[in-house]
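Have a look at the structure below before the remarks.
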Amino acid sequence: MPSLTALAAKDLAYTYHAQSTPSFQNVSLDVCAGERWLITGASSCGKSTLARCLVGLIPHLYHGKLRGQVSLMGLPTDTTPLWQLAEQAGMVLQIVCVRFATLQPLFLNCHPERSEGSRYSANEMLRFAQHDSEDSD
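Numbers in our numbering are just positions in the sequence shown, counted from 1, shifted up by 22.
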């Protein structure tokens, strides 16, 4: 049985209003329901901007130049009202003064019905993110 595509982006690029070069470009991805992805990279490389595009904050709240298409649970993010998109997905950005280990119980225990495999996968992502953060300090 094929998996449901929960999030799709095709040829995505975004340039903030005051910039001449895109924050990122040529991003295409398909995320199936139940998959977990980790976005990591150097400071100011476009991670948060990409996340804002994927959940629909861009173009609704940020008005730069968006190229490409994003759909969230089959809804095009550029024409669907933001309140409808918010019922499908959200995002948690890194808070500099809070370490991932502090947030671990929140992420892992908010869905007690999740399998042990899900918890292991989330733990691995948290460890990777924390290690990546320490390397960039």
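We treat Cβ as the ideally placed atom computed from N, Cα and C, and that holds for glycine.
Asked                                                                                                                : Found
Nearest-angstrom Cα separation, counted from G68 out to L88                                                          : 13 Å
Beta carbon of L97 nearer than 9 Å to that of L76                                                                    : no
Neighbour-count burial assignment, T71, 16 or more Cβ in a 10 Å radius                                               : buried
For N48, the nearest candidate out of T37, A55, R58, G56 (CA to CA)                                                  : T37
Where Q106 falls: helix, strand or coil (DSSP)                                                                       : helix
Sub-9 Å separation of V53 and L79 beta-carbons                                                                       : no
Residues of its chain near H39, where Cβ-Cβ distance is below 7 Å and the 5 sequence neighbours each way are ignored : H85, G86
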